[in-house]
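Heads up: the sequence lines are chains C and F, in that order. Residue numbers for the first sequence follow our numbering, beginning at 1 and rising by one. Residue numbers for the second sequence follow our numbering, beginning at 1001 and rising by one. Written below as structure tokens is the structure these notes are about.
2 protein chains.
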Amino acid sequence: MGRYVFGIDVGGTTVKCGLFDVEGNVLDKWEIITRKEEGGKYILPDVAASVLAKMEDRSINKEDVEGIGVGVPGPVNEEGQVPVAVNIGWGFMDVVKELEGLTGLKVKAGNDANVAALGEMWRGAASGCKNVVLATLGTGVGGGIIIGGKVIAGAHGAGGEIGHIHVEDAEEDVCNCGNRGCLEQMASATGIVKLANRLLAESDEPSVLRAQEISAKSVFDAVKAGDSLAQKVAEKFGEYLGKAFAAIACVVDPEVFVIGGGVSKAGPVLLEYIRRYYEPFTFSACRKAEFVLARLGNDAGIYGAARMVLE
Amino acid sequence: MGRYVFGIDVGGTTVKCGLFDVEGNVLDKWEIITRKEEGGKYILPDVAASVLAKMEDRSINKEDVEGIGVGVPGPVNEEGQVPVAVNIGWGFMDVVKELEGLTGLKVKAGNDANVAALGEMWRGAASGCKNVVLATLGTGVGGGIIIGGKVIAGAHGAGGEIGHIHVEDAEEDVCNCGNRGCLEQMASATGIVKLANRLLAESDEPSVLRAQEISAKSVFDAVKAGDSLAQKVAEKFGEYLGKAFAAIACVVDPEVFVIGGGVSKAGPVLLEYIRRYYEPFTFSACRKAEFVLARLGNDAGIYGAARMVLE
């Protein structure tokens, strides 16, 4: 086995890159621009050039490198092929074949949310666990599910797409996926803003939120300050997430739920609101599952991508 | 590898037993009584005696037997231990250790619903698939989930407990599990009778169901005969199941949903009502999942138990 492994996380703006040893210690970390033009055709060549340049810099031979792991914002099948990844301009892309051809190194590819879950399992909040559900609450709601130490990619690359669990029959807005009432519409950073605006419009109840820009942060700051209307928003938010996690637990029964993404910066209070609706709605044995905040932040992707190579 | 394998399915009334070759052909099939008295302490000795007698009858040596697989109606951990299985009188039972001690053969144990899913994957409706969700619609709603050819047992033995996904906020009756509004309360054989009785009480609409005993069978017979009220019951039933399966698909993204249990005798019409509510509520990529009726009936358990030994 080589002594080094590269972890690459391809995002819509930048490609995050990491050089790791096989124990998961990060030795170097850098970013390159994601060139989305012309169907994103420069992205993998740019990654290859950057990896090879790093090896040259550090006098690392190919034999010393176990491989390159790549996280992609889209579905990835078991062969490491991406049917489409709109955020980075890709139509079909055979990531493994392309990048192996460009570097001569072993390559593995996976969906970015799944890969982030692997990262949190390897060196983050779920360290030591083998059955993990990661929920990333950002602009959308992403998910990654690991069972027995392995990512559930799914038969159609949609394993862990928990943001599209249907949770609200009354929702009239259409989700990016085309459905209505998805978890992502109600319990993302944008979802919580929508919930707050709706509650503010429905009542005259005084709230500090009436005097400021509404964001996930301002809502949870108001919750902590005891604002009653903000607490009602948090209750609703917790109910959507708690019930969805309760359903997920009846399917895969994880040891731990890891909550990441921008919204998780609200801290432990977020977990309290989730647990309040998780516990009464899940199967008794699953009440033992833990809820923790993600630890690796934006680095979860590069850690997990590197870990993927070592599977 | 031995040429034979035993599959044992421990139920509340009888223990079903099967002798298989390693390709999954059943060579012999029989049943013994489940003696639940005294904490079910005779069950495993009875199984051992029955297996050893069968080997004697057929002049099968121990070296020719790959092992014994056992399905149990309760949670089973990775070591093959059962914390409790009320239906057969058991408190804690170390199935693997006990039965290996009694027979000198290798033993594996698993939850009966999970094991049935393995059976349908090996020689039944999901033959050739590796990612399978089995839902058993009987007195309750059981589930078994297979990903990458392996059962998801779960961190607390509750993997695949899909009957306890919360689906109805308005339900006031309490489920056997202690919660309210579980899928099992609404979409089992008993659930469909409850739905029918409620709809009959709520309206004066004429229906053939008013003149007969209500059962899952009579409801679906009336559906096929064009009875409008029965069709409304089937819609509600399909909605509960379709939405629950849609959520499950966003978690594990299976190739196929296999529907078994007594209710599945209604036939393909059942699948139509489920798909009607599955497709609009699941993630687009998961719409490709197939829905099929189980094929092995009450034998799924012995097939799957035998298959478990060969993993």
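In this text, a Cβ means the ideal position worked out from N, Cα and C, and glycines have one as well.
**Asked** Touch check for the segment 1069 to 1078 of chain F and the segment 1022 to 1042 of chain F: three-plus C-beta pairs under 8 Å?
**Response** They do not touch, by the three-pair rule.
**Asked** When the Cα atoms are used, what is the spatial distance from Cys1182 of chain F to Asp1057 of chain F?
**Response** Sequence index remark: in the second sequence, residue 1182 of chain F carries index 182 (1-based). Sequence index remark: in the second sequence, residue 1057 of chain F carries index 57 (1-based). Straight-line measurement puts the Cα of Asp1057 of chain F at about 47 Å from the Cα of Cys1182 of chain F.
**Asked** Based on the DSSP secondary-structure assignment, which residues constitute the bridge partners of Asp1009 of chain F?
**Response** The count along the second sequence starts at 1 and reaches residue 1009 of chain F at position 9. DSSP lists F:Lys1016 and F:Gly1071 as partners of Asp1009 of chain F.
**Asked** What residue from F:Gly1157, F:Ala1158, F:Ala1187 and F:Val1096 has the CA that sits closest to Glu1171 of chain F's CA?
**Response** Position 171 of the second sequence, counted from the first residue, corresponds to residue 1171 of chain F. The residue among F:Gly1157, F:Ala1158, F:Ala1187 and F:Val1096 with its C-alpha nearest the C-alpha of Glu1171 of chain F is F:Ala1187.
**Asked** Are there 16 or more other CB atoms within 10 angstroms of the CB of Gly80 of chain C, so buried, or fewer, so exposed?
**Response** Here the question's residue 80 of chain C lines up with position 80 in the first sequence. Buried, because 16 or more other Cβ atoms sit within 10 Å of the Cβ of Gly80 of chain C.
**Prompt:** Could you give the uninterrupted runs of the alpha helix (DSSP H) lying entirely in the segment 1147 to 1216 of chain F, keeping only those of 4 residues or more?
**Reply:** Within the segment 1147 to 1216 of chain F, the runs of alpha helix (DSSP H) that reach at least 4 residues and sit entirely inside it are, in chain order, 1183 to 1187 and 1189 to 1202.
**Asked** Which of helix, strand or coil does DSSP assign to Met121 of chain C?
**Response** Looking up residue 121 of chain C in the first sequence gives position 121. Note: Met121 of chain C maps to helix in three-state DSSP.
**One or two residues paired with Ala1085 of chain F in a DSSP bridge** = The residue you call residue 1085 of chain F lines up with position 85 of the second sequence. According to DSSP, Ala1085 of chain F bridges with F:Trp1090.
**Item:** Beta carbon proximity, Lys288 of chain C to chain F, threshold 8 Å
**Value:** Here residue 288 of chain C corresponds to residue number 288 of the first sequence, with the count starting at 1. Among the residues facing chain F, Lys288 of chain C is included, as its CB has a counterpart in that chain under 8 Å away.
**Asked** How about Val1132 of chain F and Lys1243 of chain F: do their beta carbons lie closer than 8 Å?
**Response** Counted from its first residue, the second sequence places residue 1132 of chain F at position 132. Counted from its first residue, the second sequence places residue 1243 of chain F at position 243. Not closer than 8 Å, so no.
**Item:** Neighbouring residues, chain C, relative to Lys1243 of chain F (Cβ below 8 Å)
**Value:** The residue labelled residue 1243 of chain F in the question sits at position 243 within the second sequence. Ordered by position in chain C, the residues that pass the 8 Å Cβ test against Lys1243 of chain F are His166.
**Request:** Report the three-state DSSP secondary structure of Lys1130 of chain F (helix, strand or coil).
**Result:** Within the second sequence, residue 1130 of chain F is the residue found at index 130, counting from 1. DSSP, read as helix, strand or coil, puts Lys1130 of chain F in coil.
**Item:** Near-chain F residues of the segment 145 to 163 of chain C - C-beta to any C-beta below 9 Å
**Value:** Hits within the stretch, in order: Ile145, Ile147, Gly148, Lys150, Ile152, Ala153, Gly154, Ala155, His156, Gly157, Ala158, Gly159, Gly160, Glu161, Ile162 and Gly163.
**Message:** For a cutoff of 8 Å on Cβ pairs, would you count Ala1116 of chain F as touching chain C?
**Reply:** Indexing the second sequence from 1 puts residue 1116 of chain F at position 116. With 8 Å as the cut-off, Ala1116 of chain F does not count as an interface residue toward chain C.
**Request:** Check the Cβ of Asp253 of chain C against every Cβ in chain F and list those closer than 9 Å, keeping chain order.
**Result:** What you label residue 253 of chain C is simply residue 253 of the first sequence in a count that begins at 1. What Asp253 of chain C touches in chain F: Ile1152, Ala1153, Gly1154, Ala1155, His1156, Gly1157, Ala1158, Gly1159, Gly1160 and Glu1161.
**Request:** Using beta-carbon positions only, say whether Glu295 of chain C and Trp122 of chain C come within less than 8 Å of one another.
**Result:** Reading the first sequence from its first residue, position 295 is the one you call residue 295 of chain C. Reading the first sequence from its first residue, position 122 is the one you call residue 122 of chain C. Note that residue 295 of chain C corresponds to Arg in the displayed sequence, not to Glu. In this structure, Arg295 of chain C keeps its C-beta atom at 8 Å or more from the C-beta atom of Trp122 of chain C.
**Asked** At what residues does the beta strand (DSSP E) containing Phe1257 of chain F begin and finish?
**Response** One-based indexing of the second sequence puts residue 1257 of chain F at position 257. Where Phe1257 of chain F is concerned, the enclosing beta strand (DSSP E) starts and stops at Val1256 to Gly1260.
**Prompt:** Val151 of chain C and Gly144 of chain C: beta carbons closer than 8 Å?
**Reply:** Here residue 151 of chain C is taken as the residue at index 151 of the first sequence, counted from 1. Here residue 144 of chain C is taken as the residue at index 144 of the first sequence, counted from 1. With a cutoff of 8 Å on beta-carbon distance, Val151 of chain C and Gly144 of chain C are scored as near each other.
**Message:** Counting only C-beta atoms, is Phe92 of chain C closer than 8 Å to chain F at any point?
**Reply:** Along the first sequence, read from residue 1 onward, the residue named residue 92 of chain C stands at position 92. No, Phe92 of chain C lies away from the interface with chain F (no Cβ there is under 8 Å from its Cβ).
**Prompt:** To which residues does DSSP link Lys1108 of chain F through a beta bridge?
**Reply:** Reading the second sequence from its first residue, position 108 is the one you call residue 1108 of chain F. The beta-bridge partner set that DSSP reports for Lys1108 of chain F consists of F:Gly1069.
**Asked** Just the Cα atoms here: how many angstroms apart are Glu1078 of chain F and Ala1155 of chain F?
**Response** Looking up residue 1078 of chain F in the second sequence gives position 78. Looking up residue 1155 of chain F in the second sequence gives position 155. So the two alpha carbons sit approximately 9 Å from each other.
**Message:** For Ile1248 of chain F, would you say it is in contact with chain C, using Cβ-to-Cβ distances shorter than 8 Å as the test?
**Reply:** Translated into the one-based positions of the second sequence, residue 1248 of chain F becomes position 248. Closer than 8 Å to some Cβ of chain C, the Cβ of Ile1248 of chain F qualifies, so yes.
**Asked** For Phe6 of chain C, is the classification buried or exposed, using 16 other Cβ atoms within 10 angstroms of its Cβ as the cut-off for buried?
**Response** Taking the first sequence and counting its residues from 1, the one referred to as residue 6 of chain C is at position 6. With a 10 Å radius around the Cβ and a threshold of 16 neighbouring Cβ atoms, Phe6 of chain C comes out buried.
**Prompt:** Are Val1251 of chain F and Ala1126 of chain F close, meaning C-beta to C-beta below 8 Å?
**Reply:** Translated into the one-based positions of the second sequence, residue 1251 of chain F becomes position 251. Translated into the one-based positions of the second sequence, residue 1126 of chain F becomes position 126. No, these two residues do not count as a Cβ contact at 8 Å.
**Asked** Three-state secondary structure (DSSP) at Glu1078 of chain F?
**Response** For the purposes of this step, residue 1078 of chain F is taken as the residue at position 78 of the second sequence. In the three-state reduction of the DSSP assignment, Glu1078 of chain F falls in the coil class.
**Prompt:** Would you call the CB atoms of Ile1008 of chain F and Gly1069 of chain F closer than 8 Å?
**Reply:** Here residue 1008 of chain F corresponds to residue number 8 of the second sequence, with the count starting at 1. Here residue 1069 of chain F corresponds to residue number 69 of the second sequence, with the count starting at 1. Yes, these two residues count as a Cβ contact at 8 Å.
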